[in-house]
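Undergrad:
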Amino acid sequence: MPYYRRVGAIPRKRHTQFRSPEGSLYAEELMGVEGFSSDSALLYHRFLPTAIVDAEVVEDHRGPLTPNHPLMPRHFRTQDLKSEERTEVDAVTGRRTLFGNSDLTIAFAIATAPSPLYRNAVGDELIYVQTGAATIETIYGVLEVTDGDYVVLPTSTTYRVLPHGETRLYVIEATGHVGPPKRYLSTKGQFLEHSPYCERDQRGPDEPLFVEGTDVPVLVRHRAGLTRFTYANHPFDVVGWDGCLYPWAFNIRDFEPITGRVHQPPPVHQTFEGPNFVVCSFCPRKVDYHPLALPVPYNHANVDSDELMFYVGGDYEARKGSGIGLGSLSLHPSGFTHGPQPGAAEAAIGVDYFDETAVMIDTFRPLELGEAAGGCEDPAYAWSWSGRGPDR
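In the working numbering, the protein residues as written are 1 to 392.
1. Quick one: using the 10 Å Cβ neighbour count with 16 as the cut-off for buried, is residue 17 buried or exposed?
2. According to DSSP, is residue 149 helix, strand or coil?
3. Taking the alpha carbon of residue 293 as the point to measure from, which residue in 350, 94, 246 has its own alpha carbon closest?
4. Using a threshold of 8 Å, state whether the C-beta atoms of residue 211 and residue 236 are closer than that.
5. Using a Cβ-Cβ cutoff of less than 8 Å, which residues in the same chain neighbour residue 71 once the five nearest sequence positions on both sides are dropped?
6. Under 8 Å between the Cβ atoms of residue 226 and residue 58?
7. Would you mind giving the Cβ-Cβ distance between residue 112 and residue 376, rounded to the nearest angstrom? I have them listed as a contact below 8 Å.
8. Rounded to a whole number of angstroms, what is the C-alpha to C-alpha distance between residue 187 and residue 339?
9. Check residue 184 in the structure and name its three-state DSSP category.
10. Of all the options 64, 313, 306, 93, which has the alpha carbon lying nearest to the alpha carbon of residue 120?
11. Only counting runs of 3 or more residues, tell me where the beta strand (DSSP E) segments fall wholly within the region 290-334, in order along the chain.
12. Which residues in the same chain have their Cβ closer than 7 Å to the Cβ of residue 357, if we skip the five residues on either side of it in sequence?
13. Please report the straight-line C-alpha distance between residue 179 and residue 303, rounded to a whole angstrom.
14. By DSSP, does residue 241 sit in helix, in strand, or in coil?
15. CB-CB under 6 Å to residue 202, same chain, minus the five flanking residues each way: which ones, in chain order?
16. Using only the alpha-carbon positions, how far apart do residue 348 and residue 167 sit?
17. If residue 172 and residue 126 are in contact, beta carbons under 8 Å, what's the gap, nearest whole angstrom?
18. When the Cα of residue 45 is compared with those of 25, 34, 61, 322, which residue comes out closest?
19. Between residue 310 and residue 29, what straight-line distance do the alpha-carbon atoms span, to the nearest angstrom?
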């Protein structure tokens, strides 16, 4: 939960007259979640944020999802995903669907060009910057992001992404809200002492962003599909805002791992929670210090969830020799027991430090496969524990 921020010019009292130097009233916009009974932000616009002059249907190229059937553990190589044939690919329309279910869509974009103005009105977005850097312009102001950054974009935030060269983005589009686990927060929303990150690690916009323009298109994802609105004036006309609802970022390197005498389960790595899913960060860390410890994970069955691991740095000890590399995604579904590569447990005895970075998503509904998954799958992965394929 982001803490209270005040950016730019605002009046002393909410919902009172606030005028420009020329004497015209600024237009208030209250952004609030859960029917205005939870977090909100109050923004002040130079022009009416409601003034549209056109609306048109846009075809959604997201594509269908395919069940993981027959049920199999799978390995996908995002490093084998190529930029589309378009000479310029952006972080919004260039997203390629990897996985999804009724709670979230997981996509990947190799962005090289500025995106259109975009608003996701279905749910929050969580973007992980695998490589590269970008400027994210929003109605709240600007975020500068780089490799290792998580970026939380609240529902209905209008934004665009301006990459600085090729930037690879792992995108989670939720159907609800994404934030820190509730167990990390006090009843009043402050990060508690046992939290692996805190307010000092978060970055939000520091000043308003003003962009002039008329008849400005904004692509909007909503519950019925995609619509392109044309606004009479540019949405980036905010002179100030305050509240606890805004886009924010923090870097995975600022996550402080929790360790123990014996192997710790995935919940100690939890970083975010969303509707029927969680996100965990596996970071470089000292590992188990019991004299008989086995540092790599035990074989385990996530009986209620699918486990999707994105390998983004270092050398992942548990699956060494399975074909997993940087940029790989492993999908271990509910109904399949998975664990370390044969020989990994013995090889890890006496190791006191793991140099690995990975982003894990656990979903509590089965993940289905999108069009991009089929284009980068390693068909041999399912047999990597036995060393032999199906007898056909």
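All C-beta atoms, glycine included, are put in the ideal place defined by N, C-alpha and C.
TA: In this structure, then:
1. Its Cβ having fewer than 16 others within 10 Å, residue 17 is exposed.
2. In the structure shown, residue 149 sits in a strand (DSSP, three-state: E or B).
3. Of 350, 94, 246, the residue nearest in Cα terms is 350.
4. Residue 211 is a Cβ neighbour of residue 236, given a cutoff of 8 Å.
5. Correct list, in chain order: 333, 335, 336.
6. Yes, the pair counts as a contact, with Cβ atoms nearer than the cut-off.
7. About 19 Å separates the two Cβ atoms, so there is no contact after all.
8. Near 37 Å, if we compare the C-alpha coordinates of residue 339 and residue 187.
9. Three-state result, residue 184: helix.
10. Out of 64, 313, 306, 93, 93 has the C-alpha closest to the C-alpha of residue 120.
11. With a minimum length of 3 residues, the continuous beta strand (DSSP E) runs that stay inside the region 290-334 are 306-314, 328-332.
12. Cβ contact annotation for residue 357 (same chain, cutoff 7 Å, sequence separation greater than five): 252, 282, 283, 284, 312, 313, 314, in chain order.
13. Approximately 24 Å, taken between the alpha carbons.
14. Look at residue 241 here: in three-state DSSP terms it is strand.
15. Within the same chain, residue 202 has close Cβ partners 248, 250.
16. Roughly 34 Å separates the two Cα atoms.
17. About 4 Å separates the Cβ atoms of residue 172 and residue 126, confirming a contact at the 8 Å cut-off.
18. Comparing alpha-carbon positions, the option among 25, 34, 61, 322 lying closest to residue 45 turns out to be 25.
19. As the crow flies, the alpha-carbon of residue 310 is around 38 Å from that of residue 29.
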